[in-house]
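Below is one structure, written out as C-alpha cells; the observations come after it.
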Amino acid sequence: MVTITDTLHIKGYLDYDDGIPVVKEKEDSRSYYGKSIPQMIEDFARYSGFVEDYETGLGGTKSYIPNVNMSLYVGNRECSLDEMVVELVNTLIGNVSVNVSLEGYSEWTITGYYLEDFSIGGHNLDQELKSYKGKYIHLVLKV
C-alpha cells in the first residue's frame, strides 16, 4: 500500500556537489554521496501528484507546486526538528539556550514553488542556502 503525504522533510548536513545543494547524513561524508535537494522536492511533488504546469508563452511550460509552505531550520549540529523548533521559540521569547545552536530560520508561505528554478515566490533558494553550507538543516515543505 502506498501512502501519499502532503509533507516532505529533508534533513542533514548542507553541502554542494557541482553547484547543486545536497544534504549528507554525516558531516564528514563526501558531497557526492549527498542527496540533491531540488531533485528530492521534484520527486516528492511528481510522485504525490502536486505538480501543475502552466504556459509561459510561445509554447513553453513551467512546472510548479501551488500553495506551498516551506520552512528552513539551521543549526550547528545534528538534532531533531522538535529540538530546533523549541530553540526557535525560546529565542523568540527571550530565553537563551545553547543546546542546539540554532543559526537561522526562514519560512516561505508564498504560492508556487518552481521546479525548474529551485525558487519559491521569486526567492532563489540556492542563494538562501549558500550561507549555511556545512550546517545541519531541516527543510520542511508542506503542500
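According to this note's numbering, the sequence shown is numbered sequentially starting from 1429. Even glycine gets a Cβ: it sits at the ideal position worked out from N, Cα and C. The structure presented is a predicted model; accordingly, all values stated were derived computationally and were not measured.
| Item | Value |
| --- | --- |
| Can you list, in chain order, the residues of its chain with a C-beta nearer than 6 Å to that of Y1560? Leave out the 5 residues immediately preceding and following it. | L1442, V1502 |
| Alpha carbon to alpha carbon, how far is E1544 from E1535? Give it in angstroms, no decimals. | 20 Å |
| Starting from the N-terminal side, write out each stretch of the alpha helix (DSSP H) that is 4 residues or longer and does not extend beyond the stretch 1484-1538. | 1509-1520 |
| Please name the residue, chosen from G1462, K1490, I1565, K1570, that lies closest to N1504 on a Cα-to-Cα basis. | I1565 |
| What residues match up with E1480 in a beta bridge as DSSP calls it? | Y1492 |
| Do L1567 and I1465 have their CB atoms nearer than 8 Å? | yes |
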